[in-house]
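In the order they appear, the protein sequences are chains A and B.
So in the working numbering, spot 176 of the first sequence is number 176, and the numbers just go up one at a time.
So in the working numbering, spot 177 of the second sequence is number 397, and the numbers just go up one at a time.
Note that beta-carbon positions come from the ideal geometry of N, C-alpha and C, so glycine has one too.
Below is one structure, written out as structure tokens; the observations come after it.
Protein chains: 2
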Amino acid sequence: MTAGTGRETIRVLVVEDHHVVRQGLVALLNVVDGIEVVGEAADGVEAITQFRKHQPNITLVDLRLPRLSGVDVIQRIRMETPGARFIVLTTYDGDEDIYRALQAGARAYLLKGMTTDELIATIRTVHAGKSHIPPAIAQRLAERMGTEELTPREFDVLEQIVHGKSNKEIATELEISEATVKTHINSLLGKLGVTDRTQAATAALQRGIVTLESLRKPKP
Amino acid sequence: MTAGTGRETIRVLVVEDHHVVRQGLVALLNVVDGIEVVGEAADGVEAITQFRKHQPNITLVDLRLPRLSGVDVIQRIRMETPGARFIVLTTYDGDEDIYRALQAGARAYLLKGMTTDELIATIRTVHAGKSHIPPAIAQRLAERMGTEELTPREFDVLEQIVHGKSNKEIATELEISEATVKTHINSLLGKLGVTDRTQAATAALQRGIVTLESLRKPKP
DNA sequence: GCGCTTCTCCACCCATTGATGGAGGCCGGA
DNA sequence: TCCGGCCTCCATCAATGGGTGGAGAAGCGC
């Protein structure tokens with residue numbers, strides 16, 4: 001079980017819930033010399049099962065997955081196999097997701113829409129033990145630095161703001177006073193670098209702190 | 221040039237900018253009996269060129285495309301070939317996009333993440349001259365009905381709201397008085413069925429009236 | 001224990017926002 | 001031509017939102 005930097009075939013696990021995209025990845029990768037797709041998974045739970053079964057060199061994983069998110073998958077697998085290498089692949093490119101994925105131990109981050117060459121080059125790079133972050137993403141990560149973290153409570157309030165709640169409603173929902181809500185809003189506005197709740201809402205959506213999908217359902 | 225409902229091969233053009241997804245579609249479709257991918261395009265302009273060249277029975281088209289949007293592509297092609305049949309394929313499922321695509325003449329709307337069977341069944345259905353809208357989407361379309369259209373000016377104001385502008389800033393930007401801005405906001409809040417600007421902003425993003433991507437760039 | 005952060009709350013003030021109702025001008029369809 | 005929709009603007013009022021400064025309690029790391 002030596003770290004492979006040499007000639008042997010790179011064994012890849014593809015984790016992606018969209019059938020078409022998964023199919024595309026497999027089709028693309030299987031014609032490449034030196035890369036073999038050893039397994040596929042359509043959700044987070046299946047991903048872990050497949051990983052245990054195949055012990056791939058590289059796991060290509062989408063962040064938005066049913067049952068268990070991509071970040072969760074990375075964290076859990078790395079708990080039992082710390083040397084596992086991940087490349088995150090996603091359509092959405094909220095800063096928050098990138099950040100969390102890299103924190104969780106992903107070695108590279110690719111947006112769908114990349115070229116085949118980029119994909120293959122990244123797989124080889126990561127398999128060789130290096131990391132690879134595209135310049136555009138590196139830049140946004142840099143911007144994110146220096147930005148303070150929101151506290152859990154501030155996050156709760158922000159979530160409510162995105163859902164269009166008034167301060168009074170937020171107070172009721174979180175069972176705190178309206179004054180406290182205002183306090184939290186005040187500090188989260190500062191941290192997000194915005195001046196009002198509407199800007200806070202769009203900033204939260206842009207950064208992927210809250211997702212548009214979560215808006216449809218009242219409360220999961 | 222008779223409408224094909226019989227045995228002959230269905231000739232498909234795939235228009236999709238994401239390499240991986242396009243590859244997936246082509247890989248999936250080319251193994252199916254009775255379906256042949258006759259062309260591929262990665263942007264709107266190329267789509268039109270490819271259409272003229274191959275005159276496919278079915279055009280599978282992504283809505284978000286470089287250079288020319290999916291809706292534009294459908295409209296332009298239908299101007300010269302009114303009988304052309306389109307299936308719209310997209311990840312994002314904003315109501316506005318669905319609506320405009322169907323208005324423009326798309327016969328079916330599929331979300332990425334569909335099964336292979338759904339895709340093939342839909343292609344056959346549309347080729348047979350029928351339409352196919354998934355229940356989930358049909359429901360949202362129904363909800364959208366009864367909703368009044370925004371006027372162009374209301375749309376302008378909404379856009380500014382999503383960009384986090386205050387009424388005063390909007391007034392300056394659009395070169396109208398703040399009073400007028402308020403008037404527009406009042407009516408657009410009603411039409412969107414929301415009670416304040418923050419809800420208006422998230423509603424606009426949900427419905428795809430304004431996109432998150434457009435928030436990054438200051439002014440295109 | 002001490003310092004730090006977080007969460008909670010208060011009071012006060014002013015700016016912004018949204019609601020209401022009214023009004024004139026313009027344009028395009030009936 | 002008249003009607004209806006749209007865009008423009010006005011005044012006024014009540015409610016909400018955001019800014020400031022201060023303060024006590026709980027928890028954590030050292």
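Sub-8 Å separation of residue i and residue j beta-carbons
i: isoleucine 357/B; j: isoleucine 318/B; result: yes
i: serine 377/B; j: leucine 409/B; result: In the sequence as displayed, the identity of residue 377/B is valine instead of serine. In this structure, leucine 409/B does not lie closer than 8 Å to valine 377/B by Cβ.
i: arginine 298/B; j: glycine 290/B; result: no
i: alanine 108/A; j: threonine 91/A; result: no
i: leucine 233/B; j: glycine 254/B; result: no
i: valine 257/B; j: lysine 112/A; result: no
i: lysine 411/B; j: leucine 370/B; result: yes
i: leucine 322/B; j: histidine 383/B; result: no
i: valine 235/B; j: isoleucine 340/B; result: no
i: leucine 205/A; j: leucine 432/B; result: yes
i: aspartate 393/B; j: lysine 402/B; result: The identity of residue 393/B in the sequence shown is glutamate, whereas the question assumes aspartate. Contact: no.
i: arginine 231/B; j: proline 276/B; result: yes
Any chain B beta carbon closer than 8 Å to residue i
i: glutamine 23/A; result: yes
i: isoleucine 170/A; result: no
i: isoleucine 161/A; result: yes
i: aspartate 222/A; result: This structure leaves residue 222/A out entirely; chain A is present only between 1 and 220.
i: arginine 197/A; result: yes
i: glycine 113/A; result: yes
Contact with chain A by residue i, beta-carbon distance below 8 Å
i: histidine 404/B; result: no
i: leucine 240/B; result: The sequence shown places valine at residue 240/B, rather than the leucine named in the question. Chain A, which has a Cβ nearer than 8 Å to the Cβ of valine 240/B, makes this yes.
i: alanine 247/B; result: yes
i: threonine 222/B; result: Because threonine 222/B sits at a pLDDT of 43, beneath the cut-off of 50, its placement in the model cannot be relied upon, and the point is left open.
i: valine 377/B; result: no
8 Å contact criterion, which residue i and residue j should meet: CB distance rounded
i: alanine 104/A; j: isoleucine 74/A; result: 4 Å
i: aspartate 263/B; j: arginine 287/B; result: 4 Å
i: leucine 280/B; j: leucine 248/B; result: 11 Å between Cβ atoms; not a contact.
i: aspartate 72/A; j: leucine 89/A; result: No, aspartate 72/A and leucine 89/A are not in contact; Cβ-Cβ is about 16 Å, not under 8 Å.
i: isoleucine 161/A; j: arginine 197/A; result: 5 Å
i: histidine 184/A; j: arginine 153/A; result: 6 Å
i: arginine 305/B; j: isoleucine 268/B; result: Arginine 305/B to isoleucine 268/B, Cβ: 16 Å. No contact.
i: valine 430/B; j: glutamate 379/B; result: 6 Å
Residue i classed as buried or exposed, judged by whether at least 16 other C-beta atoms fall within 10 angstroms
i: glutamine 199/A; result: buried
i: valine 388/B; result: Correcting the residue identity first, residue 388/B is lysine in this sequence and not valine. Classification for lysine 388/B: exposed.
i: threonine 422/B; result: buried
i: aspartate 117/A; result: exposed
i: glutamine 270/B; result: buried
i: glutamate 46/A; result: buried
i: alanine 179/A; result: exposed
i: arginine 320/B; result: buried
i: lysine 439/B; result: Below a pLDDT of 50, predicted positions are generally treated as unreliable, and lysine 439/B, at 41, falls in that range; the measurement from the model is reported next regardless. Its Cβ having fewer than 16 others within 10 Å, lysine 439/B is exposed.
Neighbour list for residue i in chain A, Cβ cutoff strictly below 9 Å
i: valine 414/B; result: Gly164
7 Å Cβ cut-off: residues of chain B touching residue i
i: leucine 212/A; result: Leu425, Gln426
i: leucine 215/A; result: Thr422, Gln426
Interface partners of residue i on chain A, CB under 8 Å
i: glycine 421/B; result: As written in the sequence, residue 421/B is alanine, which differs from the glycine given in the question. Correct list: Thr198, Ala201, Thr202.
Chain-ordered neighbours of residue i on chain B, where CB pairs are closer than 9 Å
i: threonine 234/A; result: Shown here, chain A extends from 1 to 220; a query on residue 234/A therefore has no answer.
i: threonine 90/A; result: Result: empty, since nearest Cβ-Cβ is about 11 Å, beyond 9 Å.
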